[in-house]
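Counting from 1352, one number per residue, gives the positions in the sequence shown under the working numbering.
All residues carry an ideal CB built from backbone N, CA and C; glycine is no exception.
Being a predicted model, the structure only gives us computed values, none of them experimental.
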Amino acid sequence: MIDKKTVFKFCPICRASLEVKNIDEAARLVCASCGWINYRNPVPVAVAAALNARREVLIIKRAFEPAAGRWSLPGGFVEYNEHPADTCIRELQEETGIKGEIIRLLGIYNFSSRIHGSLLVVSYEVRALTEELKLNKEISDAKFAEYKDVPYITFASHRKILKDIFENNKKIRNAGI
Ligand SMILES: [Zn+2]
C-alpha cells in the first residue's frame, strides 16, 4: 500500500505520470516513461542523551511544531554525507550551546512522525563537557534533570532512549552495542 501523504503526483525527472508497481516486494510508484522508481526510505535523525557529571540528562522544550511547548531530547536531521555522531554533537551545540563528546552508540529506533513520516533515530550517549545553556530559536527552555524528575517526553522514541540509558543500561551493554 502506498501512503498518500508524501507521494509524487508526476515523475520528478520527466514529469510523466506514475503507476503503482510491485518492485522488491513492495508497492512503489514507477514512471511509465523513464522508469524512475520512487524508493522511499526513513529520514535519519540523530538524538543526544547528554549527561553531565551528576548523570543528569539534558532536556529541551521545543519552540516549534512538531510538539511545540513539549519536552524532548536535543537532536536533528542528519545532513547529506554527515556521520550521525557528528550530527548529534552539532545539533546539541546549535540548540543548547552545550559542547559534548560521544560516549557510545545507545541504539537505533524506528519512529513514525506525523509531519516527517518514517524516521530512523540514531541515539548516542553523550558526555556534556560544558553546562552553560545558550538556546537557539528552536528551543524555548532547556535544563539538566535527574531521570526521576524528567517531565513527560513527547516522542515515544526519546522516551525509549531515556528508558534504555537509565533502566536497561546493563542489558544494552551485555548485548555488546
Ligand atoms: Zn519519468
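- Apart from the 5 residues on each side of it in sequence, I1388 sits with its Cβ closer than 7 angstroms to the Cβ of I1374, R1379, V1381 in its chain, given in chain order.
- For I1364, the CB falls within less than 7 angstroms of some heavy atom of ligand 1.
- In this model, H1509 and A1383 are separated by some 41 angstroms (Cα to Cα).
- For A1507, the enclosing alpha helix (DSSP H) covers residues 1507 to 1517.
- For P1435, there is no enclosing beta strand (DSSP E); the residue is found in the alpha helix (DSSP H) stretching over 1435 to 1447.
- Judged by DSSP in its simplified three-state form, K1372 adopts strand.
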